[in-house]
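A.B. asks: In terms of the numbering used here, the sequence shown opens at residue 384 and continues consecutively.
The beta-carbon is built from N, C-alpha and C at its ideal position, and this holds for glycine as well.
Here the structure is a predicted model, which means the values were calculated and not measured.
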Amino acid sequence: MAKEKIPYIKVKPPGKKASEWVKKDNKYVSRSYTRTYPLVVERAYGMTVEDVDGNRYLDFTAGIATCSTGHCHPRIVDAITRQANKLIHMSGTDFYYASQIKLAEKLSKITPGKKDKRVFFGNSGAEAIEASFKLARFHTKRTLVIAFYGAFHGRTMGALSLTASKTVQRRGFRPLIPGVSHVPYAYCYRCPHHLKYPDCNIQCVEWIEDVLFRTTIPPEEVAAIIVEPIQGEGGYVVPPKEFHQNLYNLAKKYGILYVADEVQSGMGRTGKLMASEHFGVIPDIVAIAKGIASGLPLGITIASSEIMDWGPGSHASTFGGNPVSCEAALETIKLLEESLIENARVVGNFMLKKLDTMKKKYEIIGDVRGKGLMIGVELVKDKETKKRAEKERGEIINKCFQKGLLLLGCGPNSIRFMPPLIVTKKEADTALSIFEEIIAKYNSR
Ligand SMILES: Cc1ncc(COP(=O)(O)O)c(C=O)c1O
């Protein structure tokens with residue numbers, strides 16, 4: 384078969400068929416979703432997403448950092464099909480089946496820290512966080528939790544109580560779970576102190592001890608500090624190594640659990656299995672979800688067996704750790720170990736270098752940051768004032784879509800590049816050329 388051209392725009396999107404689906408969606412589907420552009424997907428394979436009108440796009444979203452092995456990888460499809468022909472569901476909450484046990488054993492062995500771990504199975508990132516939150520309270524017998532401004536941990540009531548990314552996510556849903564205090568994250572663009580004193584990013588941690596623990600929060604009542612190693616939805620914010628190390632040491636000093644939300648940053652995306660490895664900390668509890676099962680629903684919470692000390696009936700989820708998702712995850716891990724984690728590191732560095740060069744050339748690029756294939760580009764009105772280019776961010780993402788490149792935003796004024804981990808340098812080059820062609824036009828304004 385001749386190699387097809389990607390991207391390939393046959394009709395200006397949205398085409399006739401896509402427009403009809405969008406119209407129907409507007410009538411029947413919950414209005415709570417935030418669609419950035421009218422992409423109506425028919426099929427997807429590898430790095431390619433094809434819409435209902437026959438347009439083919441280069442995917443730098445990976446279904447929001449989820450399709451880690453690319454779309455419909457033949458080995459994943461094969462693993463799913465084999466399992467679906469044998470057993471689709473039985474519920475690991477009440478019965479045993481090998482795929483769930485095999486995956487728990489594999490994750491216990493490959494995730495950082497003691498080998499003696501236990502694994503809890505849910506269906507989503509929010510569920511992995513709920514389980515982490517509940518486990519931290521259960522194990523420590525403490526109630527309070529510290530989370531960060533800019534954090535996104537999901538939208539169920541417990542996870543939402545930790546989320547502090549956008550007010551729209553919380554508006555109308557109070558009261559939330561009591562006992563959560565938010566503090567500034569390193570390089571938090573919402574922290575006015577940080578804007579004035581750029582070196583204060585490590586002091587954010589000192590502030591917890593010097594101010595919070597002296598005034599309102601007795602440290603001996605704090606169960607957990609829940610933190611994203613790299614903030615995702617909040618703007619792809621990469622803190623300095625010392626931020627996490629100091630946070631971890633603070634937690635240890637007061638018997639607090641350090642919980643890493645690796646839902647977006649985990650499973651090879653940053654060029655290491657877990658993003659916390661970049662910062663030299665070994666979390667007490669880890670939540671993972673997005674990249675683990677190549678697009679099938681699976682949320683996982685991992686802790687040492689000493690910490691995961693709850694008994695039968697304490698926590699469970701009917702669909703969690705479904706055999707088909709578990710088999711997809713086992714095959715995903717094989718692919719990650721064979722080459723994809725390394726590919727994320729290599730192609731990620733390649734992209735970061737190219738984007739850094741663009742940053743020097745274009746006034747609108749205020750910052751480029753990331754690890755592996757978790758890359759954020761922050762857009763500003765100009766480099767001097769660093770005023771956020773929010774409107775321009777939306778326009779640029781839409782123009783890239785029109786040219787066949789799929790991107791999404793994060794934070795108030797950043798664009799995230801989070802392709803499947805199979806992306807090649809050539810595909811990265813194509814994506815960055817489209818991106819550059821568009822931002823170049825903004826520069827001359
Ligand atoms: C870091 C992080 N935690 C938790 C979640 C929630 O995951 P889900 O949407 O699967 O509930 C997300 C989703 O974007 C996330 O990025």
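Using 10 angstroms around the beta-carbon of Gly555, count the other beta-carbons present and answer buried if the total reaches 16, otherwise exposed.
C.D. replies: Here the question's residue 555 lines up with position 172 in the sequence shown. With fewer than 16 Cβ atoms within 10 Å of its Cβ, Gly555 is classed as exposed.
A.B. asks: Beta strand (DSSP E) containing Glu513: first to last residue?
C.D. replies: One-based indexing of the sequence shown puts residue 513 at position 130. It is not in any beta strand (DSSP E) - Glu513 instead sits in the alpha helix (DSSP H) that spans Gly508 to Thr523.
A.B. asks: Taking 8 Å as the threshold, find out whether the region 519-538 comes into contact with the region 685-697 through three or more Cβ pairs.
C.D. replies: The answer is yes - the region 685-697 touches the region 519-538, with three or more Cβ pairs under 8 Å.
A.B. asks: What residue range is occupied by the uninterrupted alpha helix (DSSP H) comprising Thr715?
C.D. replies: One-based indexing of the sequence shown puts residue 715 at position 332. Counting along the chain, the alpha helix (DSSP H) containing Thr715 begins and ends at Pro706 to Leu718.
A.B. asks: On the premise that Asn732 lies in contact with Ile805, defined as a C-beta separation below 8 Å, what is that separation, rounded to the nearest angstrom?
C.D. replies: By 1-based counting over the sequence shown, the position of residue 805 is 422. By 1-based counting over the sequence shown, the position of residue 732 is 349. Actually they do not touch by this definition, with Cβ atoms about 16 Å apart.
A.B. asks: Can you give the Cα-Cα distance for Arg573 and Thr550, rounded to whole angstroms?
C.D. replies: Counted from its first residue, the sequence shown places residue 573 at position 190. Counted from its first residue, the sequence shown places residue 550 at position 167. In this prediction, Arg573 scores a pLDDT of 48, lower than 50, which makes its location untrustworthy; the coordinate-derived value is nonetheless stated afterwards. Near 13 Å, if we compare the C-alpha coordinates of Thr550 and Arg573.
A.B. asks: Exposed or buried, what is Thr701 when buried is set at 16 or more other beta-carbons lying within 10 Å of its beta-carbon?
C.D. replies: Position 318 of the sequence shown, counting from 1, holds the residue named residue 701. Thr701 comes out exposed.
A.B. asks: Pop quiz: Ser659 and Pro612 are said to be a contact at Cβ under 8 Å. What is the actual Cβ separation, rounded to whole angstroms?
C.D. replies: Numbered from its first residue, the sequence shown carries residue 659 at position 276. Numbered from its first residue, the sequence shown carries residue 612 at position 229. Indeed, because the Cβ distance is near 5 Å, the residues count as touching under 8 Å.
A.B. asks: When the Cα of Phe800 is compared with those of Leu735, Ser402, Lys673 and Asn409, which residue comes out closest?
C.D. replies: In the sequence shown, residue 800 corresponds to position 417, counting from 1. Of the candidates Leu735, Ser402, Lys673 and Asn409, the one whose C-alpha sits nearest the C-alpha of Phe800 is Leu735.
A.B. asks: Can you round the beta-carbon distance between Ala676 and Ala711 to whole angstroms, since I take them to be within the 8 Å contact cut?
C.D. replies: Counting from one through the sequence shown, the residue named residue 676 turns up at place 293. Counting from one through the sequence shown, the residue named residue 711 turns up at place 328. Indeed, because the Cβ distance is near 4 Å, the residues count as touching under 8 Å.
A.B. asks: Here's a check: name, in chain order, each residue in its chain whose Cβ is nearer than 7 Å to the Cβ of Tyr480, leaving out the five neighbours to either side.
C.D. replies: For this step, residue 480 is matched to residue 97 along the sequence shown. Once the five neighbours on either side are set aside, the close Cβ partners of Tyr480 are Leu470, Met473 and Pro706.
A.B. asks: If you follow the beta strand (DSSP E) that Gly505 is part of, which residue opens it and which one closes it?
C.D. replies: Numbered from 1 along the sequence shown, position 122 holds the residue referred to as residue 505. That run of the beta strand (DSSP E) goes Lys500 to Gly505.
A.B. asks: Between which two residues does the alpha helix (DSSP H) holding Asp765 run?
C.D. replies: Working through the sequence shown from its first residue, we reach residue 765 at position 382. No alpha helix (DSSP H) holds Asp765; DSSP gives it neither H nor E.
A.B. asks: Which of the three DSSP states is assigned to Arg573 in this structure?
C.D. replies: Taking the sequence shown and counting its residues from 1, one reaches residue 573 at position 190. Residue confidence for Arg573 is low, a pLDDT of 48 falling below 50, so the modelled location carries little weight; the figure read from the coordinates is stated next. Arg573 falls in the coil class under three-state DSSP.
A.B. asks: Using the Cα positions of Ala607 and Glu387, report the straight-line distance between them to the nearest angstrom.
C.D. replies: Taking the sequence shown and counting its residues from 1, the one referred to as residue 607 is at position 224. Taking the sequence shown and counting its residues from 1, the one referred to as residue 387 is at position 4. About 50 Å.
A.B. asks: Let me confirm a value: Asp765 is counted as buried when at least 16 other C-beta atoms fall within 10 Å, else exposed. Which label applies?
C.D. replies: As a first step, residue 765 is located in the sequence shown; it is residue number 382 there, counting from the start. By the neighbour-count rule (16 or more Cβ atoms within 10 Å), Asp765 is not buried but exposed.
A.B. asks: Report yes or no: do the region 757-764 and the region 778-798 share at least 3 C-beta pairs separated by less than 8 Å?
C.D. replies: Yes: at least three Cβ pairs fall under 8 Å.
A.B. asks: Taking the beta strand (DSSP E) that Thr431 belongs to, which residues open and close that run?
C.D. replies: Mapped onto the sequence shown, residue 431 falls at position 48. Looking at the DSSP string, the run of the beta strand (DSSP E) that includes Thr431 is Thr431 to Asp434.
A.B. asks: Between Leu719, Pro421, Ala530 and Gly496, which has its C-alpha nearest Gly398's C-alpha?
C.D. replies: Counting from 1 along the sequence shown, the entry for residue 398 is found at position 15. Among Leu719, Pro421, Ala530 and Gly496, the Cα nearest to that of Gly398 is on Pro421.
A.B. asks: So for Gln614, helix, strand or coil by DSSP?
C.D. replies: Along the sequence shown, one-based indexing puts residue 614 at 231. Note: Gln614 maps to strand in three-state DSSP.
A.B. asks: Report yes or no: do the region 654-673 and the region 588-606 share at least 3 C-beta pairs separated by less than 8 Å?
C.D. replies: Contact fails: fewer than three Cβ-Cβ distances are below 8 Å.
A.B. asks: For Ala462 and Cys450, I'd like the C-alpha separation in whole angstroms.
C.D. replies: Here residue 462 refers to the residue found at position 79 of the sequence shown. Here residue 450 refers to the residue found at position 67 of the sequence shown. Each residue's Cα considered, the two are about 15 Å apart.
A.B. asks: Verify whether the separation of the beta carbon atoms of Pro567 and Phe531 is less than 9 Å.
C.D. replies: Against the sequence shown, residue 567 aligns to sequence position 184. Against the sequence shown, residue 531 aligns to sequence position 148. It is a contact, given that the beta carbons lie within the stated cut-off.
A.B. asks: Going by the C-beta, is Ser659 closer than 8 Å to any heavy atom of ligand 1?
C.D. replies: Numbered from its first residue, the sequence shown carries residue 659 at position 276. It does not: the Cβ of Ser659 is nowhere closer than 8 Å to a heavy atom of ligand 1.
A.B. asks: Per DSSP, what kind of secondary structure is Leu543 in: helix, strand or coil?
C.D. replies: The residue labelled residue 543 in the question sits at position 160 within the sequence shown. Correct three-state label for Leu543: helix.
A.B. asks: Check the Cβ-Cβ distances between Pro612 and every residue of chain D, and say whether any is below 9 Å.
C.D. replies: Going by chain labels, chain D is absent from the structure shown, which holds only one protein chain.
A.B. asks: Excluding five sequence neighbours on each side, which residues of the same chain lie with their C-beta closer than 6 Å to the C-beta of Leu486?
C.D. replies: Indexing the sequence shown from 1 puts residue 486 at position 103. The answer, listed in chain order, is Cys709, Ala712 and Leu713.
A.B. asks: Does DSSP put Phe733 in a helix, a strand or coil?
C.D. replies: Start at 1 with the first residue of the sequence shown, and residue 733 comes out as number 350. Note: Phe733 maps to helix in three-state DSSP.
A.B. asks: According to DSSP, simplified to helix, strand and coil, what is His698?
C.D. replies: As a position in the sequence shown, residue 698 is number 315, starting the count at 1. If DSSP states are grouped into helix, strand and coil, His698 belongs with coil.
A.B. asks: Comparing alpha-carbon positions, which option in Val528, Pro457, Met650 and Gly537 lies nearest Thr494?
C.D. replies: Translated into the one-based positions of the sequence shown, residue 494 becomes position 111. It is Met650 whose Cα lies nearest to the Cα of Thr494.
A.B. asks: Taking 8 Å as the line, does the beta carbon of Ser648 fall inside it for any heavy atom of ligand 1?
C.D. replies: Counted from its first residue, the sequence shown places residue 648 at position 265. True, at least one ligand heavy atom lies under 8 Å from that Cβ.
A.B. asks: Is Arg652 near ligand 1, with its Cβ less than 8 Å from a heavy atom?
C.D. replies: To locate residue 652, count along the sequence shown from 1; it is residue 269. No, the Cβ of Arg652 stays beyond 8 Å of every heavy atom of ligand 1.
A.B. asks: Is the region 802-822 in contact with the region 423-435, if contact means three or more CB pairs nearer than 8 Å?
C.D. replies: At 8 Å Cβ cutoff, the stretches touch.
A.B. asks: If we call anything under 9 Å between Cβ atoms a contact, is Tyr416 one with Leu788?
C.D. replies: Taking the first residue of the sequence shown as position 1, residue 416 is located at position 33. Taking the first residue of the sequence shown as position 1, residue 788 is located at position 405. Contact: no.
A.B. asks: For the candidate residues Gly703, Tyr825 and Phe818, whose alpha-carbon lies nearest to that of Leu502?
C.D. replies: Counting from 1 along the sequence shown, the entry for residue 502 is found at position 119. Per the sequence presented here, residue 502 reads as Val, with Leu not at that position. Per the Cα distances, Gly703.
A.B. asks: Check for me: the alpha helix (DSSP H) holding Leu633 runs from which residue to which?
C.D. replies: Numbered from its first residue, the sequence shown carries residue 633 at position 250. Residues Lys624 to Lys636.
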